[in-house]
Amino acid sequence: MSNAGAPPAFESGAAGFSATDGWSCGDFPCDFDIAGFLRRIQVPRGYVVEHVGQFPGQPMQIVYGPDGRLYGTVLEDGKHNGAVYALNADGSSERYSSDLISPVGLAFQPGTDVLYVSARETALAGGGLWRVPPGGGTAQQILTGLPCCYSIIDNQPNGMIFGPDGLLYLGVGALTDHGEGELRDTYANILPLEASILRVQVHTAEVEVVASGIRNPYDLAFDSRGRFFATDQGLITGVGDRLLAIESGRHYGWPYWRTRGCGGCPPRQPGIDIAPDLLRFPQYSTPRGIVAYTGTQFPANLFDDLFVVLWGGVEGGQRVVRIDPDDPNIGNPDYTPEPFITGLIRPIDVAIAPDGSLVVADFIHGHVWRVRYVGV
Numbered sequence: 207m208s209n210a211g212a213p214p215a216f217e218s219g220a221a222g223f224s225a226t227d228g229w230s231c232g233d234f235p236c237d238f239d240i241a242g243f244l245r246r247i248q249v250p251r252g253y254v255v256e257h258v259g260q261f262p263g264q265p266m267q268i269v270y271g272p273d274g275r276l277y278g279t280v281l282e283d284g285k286h287n288g289a290v291y292a293l294n295a296d297g298s299s300e301r302y303s304s305d306l307i308s309p310v311g312l313a314f315q316p317g318t319d320v321l322y323v324s325a326r327e328t329a330l331a332g333g334g335l336w337r338v339p340p341g342g343g344t345a346q347q348i349l350t351g352l353p354c355c356y357s358i359i360d361n362q363p364n365g366m367i368f369g370p371d372g373l374l375y376l377g378v379g380a381l382t383d384h385g386e387g388e389l390r391d392t393y394a395n396i397l398p399l400e401a402s403i404l405r406v407q408v409h410t411a412e413v414e415v416v417a418s419g420i421r422n423p424y425d426l427a428f429d430s431r432g433r434f435f436a437t438d439q440g441l442i443t444g445v446g447d448r449l450l451a452i453e454s455g456r457h458y459g460w461p462y463w464r465t466r467g468c469g470g471c472p473p474r475q476p477g478i479d480i481a482p483d484l485l486r487f488p489q490y491s492t493p494r495g496i497v498a499y500t501g502t503q504f505p506a507n508l509f510d511d512l513f514v515v516l517w518g519g520v521e522g523g524q525r526v527v528r529i530d531p532d533d534p535n536i537g538n539p540d541y542t543p544e545p546f547i548t549g550l551i552r553p554i555d556v557a558i559a560p561d562g563s564l565v566v567a568d569f570i571h572g573h574v575w576r577v578r579y580v581g582v
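So in my numbering, spot 289 of the sequence shown is number 495, and the numbers just go up one at a time.
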């Protein structure tokens, strides 16, 4: 992948912010007020926003399929139960899979139309991986007994992506907030596969841990150079929302966070070399979806930049931010990621469309929005 054919480099600046009141439903437009949302959502100069369609429920993650349609894991009727849905070009949707409990991550195996989905075995226990056959239909569980389920719709098998090696990478959340509970050893109450990123051979269900110490790795991304990134959601107290650059075999610190102000966290186990965060987000900003931009519809200088969704309703949240992982200032205390899409209610995931535009799904009403570069 390269940025050949992309528009010339252009620094458009950050997205602005709309008024937070006076909309058809108060601080935001009502569900079907598309025109209102198109005024409420802001993007940088040189870009435009378009409405793609609407999922019939609450989307968790999205991905484009080999047929060019947008697929999403969707919770139905405000409950745990859900399924995979596909959005057609006209904005309509259709159910693509059989019932799944709390489906989150999804990825098509490269070169095929076989879809893999992470979900729960029951509402309160047991995570796994399911395979949906070409053309959709009944999902078959291929991996059982993964760590799950600390909270209602999170801390379970989460986001996934096929890596450059052709293997599936899967984030799995922790079973506790900060390692609390009856300790099985001196240092922490941690199972071997929890709070980690796993590498899965989907044909044999072989699993190995790639990286550990990640409280709730919600989503994963590879850039064009094979660099690996993950979003991680912090403690209930808000500490630990962050972006990670993942290296095989590294430990990323959770639950040994006494140095972050977590007095109830266990002491750090001797011999653990903790890898640093790439970027710490504001508390309760709740990083969700992530994608590395590898398209050519945006200006060339955005190639391999990261777009990260911040879900939380706090200052610095409810937006999509743009991050250059090579920016030398990223480690500075006063570094602030650039707002790229603002005015969303609860954005949850992003994906690159086949034409190189960026799409974002909003959890509350299931709307999907497209951002295109049009120049100035």
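Quick reminder that beta carbons are idealized off the backbone N, C-alpha and C, glycines included.
Please state whether DSSP places residue i in a helix, a strand or coil.
i	result
I587	Since the first and last residues shown for the chain are 207 and 582, residue 587 lies out of range.
I240	helix
N364	strand
L485	strand
D510	coil
T226	coil
R578	strand
R390	Legend: pLDDT at R390 = 49, less than 50; position of this residue unreliable, value from coordinates given subsequently. In this structure, R390 counts as coil in the three-state DSSP scheme.
T437	strand
T465	helix
L335	strand
R246	helix
F234	coil
M266	strand
Using a 10 Å radius around the Cβ and a threshold of 16 neighbouring Cβ atoms, would you call residue i buried or exposed?
i	result
D233	exposed
V566	buried
S203	Since the first residue shown for the chain is 207 and the last is 582, residue 203 is missing from the structure and cannot be characterised.
I442	exposed
H571	buried
L512	buried
T318	exposed
A292	buried
G185	Missing from the structure shown is residue 185; the chain here goes from 207 to 582 and no further.
Enumerate in chain order the residues of its own chain whose CB-to-CB distance from residue i is below 8 Å, with the five nearest sequence positions on each side excluded.
i	result
S208	S430 and F509
P531	D429, R433, F435, A451, L484, D510, D511 and L512
Please go through the same chain and pick out, in chain order, the residues whose beta-carbon is closer than 7 Å to the beta-carbon of residue i, but skip the five residues on each side of it.
i	result
A220	P250, E544 and P545
R326	I307, S308, G332, G333, C354, C355 and Q362
A411	I348 and L349
With a threshold of 7 Å between beta-carbons, can residue i be considered close to chain D, or not?
i	result
R275	Chain labels in this structure do not include chain D; a single protein chain is all it has.
Which whole-angstrom value describes the C-beta separation of residue i and residue j, a residue pair presumed to lie in contact below a C-beta threshold of 8 Å?
i	j	result
A345	S303	5 Å
T492	G518	4 Å
A602	P213	An answer regarding residue 602 cannot be provided, because it is not within the stretch 207 to 582 covered by the chain.
V413	V406	5 Å
F216	Q248	That belief does not hold up - the Cβ atoms of F216 and Q248 are roughly 18 Å apart, past 8 Å.
In its own chain, which residues sit with a C-beta less than 6 Å from the C-beta of residue i, not counting the 5 before and 5 after it?
i	result
S218	P250, R251 and G252
S418	S402 and H457
Q260	G572 and H573
H286	I307, S308 and A329
- Touch test, the segment 356-373 against the segment 320-331, Cβ-Cβ under 8 Å, three pairs minimum: Under the three-pair Cβ rule at 8 Å, the segment 356-373 counts as touching the segment 320-331.
- Message: Check whether the segment 233-240 and the segment 519-527 touch, using three or more Cβ-Cβ pairs below 8 Å as the test.
- Response: With the rule of 3 Cβ pairs closer than 8 Å, the segment 233-240 does not count as touching the segment 519-527.
- Task: Assess, as a yes-or-no matter, whether the segment 547-567 is touched by the segment 470-477 under the definition of 3 or more beta carbon pairs within less than 8 Å.
- Result: Short answer: they don't touch.
- Check whether the segment 372-381 touches the segment 395-413, counting contact only when three or more Cβ pairs, one atom from each stretch, lie closer than 8 Å. Yes: at least three Cβ pairs fall under 8 Å.
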